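>
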Amino acid sequence: MTNLLEFDLDGLAAFCEKLGEKRFRATQLFRWIHQRGAHEFDAMSDLAKALRDKLKGCAHVQALPVITEHVSADGTVKWLFDVGDGNAVEAVFIPEDDRGTLCVSSQAGCAVGCRFCSTGHQGFSRNLTTGEIVAQLWFAEHALRKRLGRDERIISNVVMMGMGEPLQNYSALVPALRVMLDDHAYGLSRRRVTVSTSGVVPMIDRLAQDCPVALAVSLHAPNDPLRDNLVPLNRKYPIEELLAACNRYLEHAPRDFITFEYCMLDGVNDQIEHAQQLIALVKPARGEGVRCKFNLIPFNPFPASGLLRSSHAQVQAFGKLLSDAGIVTTVRKTRGDDIDAACGQLAGDVKDRTKAAERMAKQRTIALKPVT
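Residue numbers for the sequence shown follow my numbering, beginning at 1 and rising by one.
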């Protein structure tokens with residue numbers, strides 16, 4: 001049986017063509033699935049009965065089983081979804097006055113292994129399929145509509161900032177993005193769909209051509225020696241190459257800036273000299289900088305990391321230096337930390353194939369010092 005959540009509209013049209021159906025039938029089916037949340041073909045009243053019978057014999061709309069749901073005191077909702085073979089992934093809904101944001105996972109685990117991320121400490125099992133990525137949005141949108149008694153769209157923003165490195169699962173990511181953007185499905189603006197990456201330079205260039213959406217880059221350090229320790233991918237794609245890719249991306253991006261995510265780690269990357277180095281990186285006295293904003297993220301500690309959160313005063317002082325240099329700078333609100341749903345806390349349940357815990361334990365013995 002084929003799960004129809006695996007298809008963007010072009011894929012669904014090709015599937016329907018194999019059944020002897022025209023494209024407009026695929027569009028009708030796509031709307032039923034994504035706009036109305038239908039999963040039973042008999043409920044799709046404007047489809048011919050013959051088509052419904054065909055679909056019942058070869059396809060289904062298969063959601064991910066929900067293992068747990070937790071609701072934070074601030075209204076944040078976290079779901080743990082079963083993706084089989086002992087793996088589970090998390091998605092988080094964050095309600096705001098002017099938006100509803102869903103944080104979506106792209107992999108069971110993560111192979112990048114950033115020091116400050118609990119997902120990375122769990123290691124990596126496998127990529128999610130397009131259907132497993134889309135299913136998180138499909139379930140959350142229609143479950144929330146039912147719960148709130150509303151017919152209009154609840155989720156206005158999607159951030160690919162859950163478990164995994166999205167650009168290391170590119171072939172599944174792009175069709176999922178196209179479903180999110182399609183007016184016959186969720187109709188989200190390209191400005192309101194964000195892919196976060198730790199810096200997979202070749203895939204940043206491909207995304208610019210294939211499906212440009214808002215881009216967030218997990219920077220977390222102002223120089224290569226420090227970033228090599230915090231974000232191991234930097235050893236393959238160092239900061240200079242990454243910033244050049246960001247500038248190339250801006251030529252196609254729906255927003256005129258890149259968001260740099262920066263997790264504030266006490267005594268590691270939060271000193272005055274680090275802020276000064278960041279300013280020199282993105283606003284050099286000579287040469288081309290990068291149009292950007294910084295999002296400073298208070299670290300959410302977990303025992304295996306061996307790291308501590310920067311003080312509130314240090315975060316504010318750091319942010320002021322960036323702001324005074326003319327760089328738009330925000331401090332991310334910590335949402336859902338009482339249910340382990342805040343940034344860097346998503347861990348799910350991963351059958352690791354990479355021996356991450358063993359590698360991280362060895363790395364933890366290395367003292368990270370500010371590099372000037």
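Don't be surprised by glycine CBs; every beta carbon is placed ideally from N, CA and C. In this text, all values refer to a predicted model and were calculated from it rather than measured experimentally.
Rounded to a whole number of angstroms, what is the C-alpha to C-alpha distance between T2 and E40?
So the two alpha carbons sit approximately 14 Å from each other.
> Rounding to the nearest angstrom, what Cα-Cα distance links F7 and F124 in this structure?
If I take the Cα positions, the gap works out to 25 Å.
> Could you round the C-beta distance between L215 and I155 to whole angstroms and report it? I think they count as a contact, below 8 Å.
That belief does not hold up - the Cβ atoms of L215 and I155 are roughly 20 Å apart, past 8 Å.
> Is C58 helix, strand or coil by DSSP?
Note: C58 maps to helix in three-state DSSP.
> What span of residues does the beta strand (DSSP E) with F93 cover, start to end?
Looking at the DSSP string, the run of the beta strand (DSSP E) that includes F93 is N87 to P95.
> Given a cut-off of 8 Å, decide if T101 and G109 are closer than it, judged by their beta-carbon atoms.
No; because the gap between Cβ atoms is not below 8 Å, this pair is not in contact.
> C378 bridges to which residues according to DSSP?
With the chain running from 1 to 372 in the structure shown, residue 378 is simply not present.
> Here's the rule I'm using: 16 or more other beta-carbon atoms within 10 Å means buried, otherwise exposed. How should Q209 be labelled?
The residue is exposed, with fewer than 16 neighbouring Cβ atoms inside 10 Å.
> Smallest Cα separation from T130: which of E273, A176 and V158?
The residue with the shortest Cα to Cα distance from T130 is A176.
> Considering only residues of the same chain and omitting the five flanking positions on each side of C58, which have a CB-CB separation below 8 Å?
These residues qualify, in order along the chain: M1, T2 and L19.
> Please list, in chain order, all residues of the same chain as F139 whose beta carbon is under 6 Å from its beta carbon, the five residues on each side excluded.
A63, listed in sequence order.
> Would you check if there are 3 or more beta carbon pairs closer than 8 Å linking the stretch 263 to 272 to the stretch 155 to 173?
No, because fewer than three Cβ pairs between the stretch 263 to 272 and the stretch 155 to 173 fall closer than 8 Å, the two stretches do not touch.
> V193 and V213: beta carbons closer than 8 Å?
Yes, the Cβ-Cβ distance between V193 and V213 is below 8 Å.
> Under DSSP, the beta strand (DSSP E) around L102 begins and ends at which residues?
It spans G100 to C103 - the beta strand (DSSP E) in which L102 sits, taken as one unbroken run.
> Can you tell me whether DSSP reads F15 as helix, strand or coil?
If DSSP states are grouped into helix, strand and coil, F15 belongs with the helices.
> Starting from S311, trace the beta strand (DSSP E) both ways and give me its first and last residue.
Per DSSP, S311 belongs to no beta strand (DSSP E) and is neither H nor E.
> Could you say which of K22, R248, P301 and R309 lies nearest to L265 if we only look at CA atoms?
Out of K22, R248, P301 and R309, R309 has the C-alpha closest to the C-alpha of L265.
> In whole angstroms, give me the CA-to-CA distance for E373 and D228.
A question about residue 373 goes unanswered here, because the residues of the chain that appear run from 1 up to 372.
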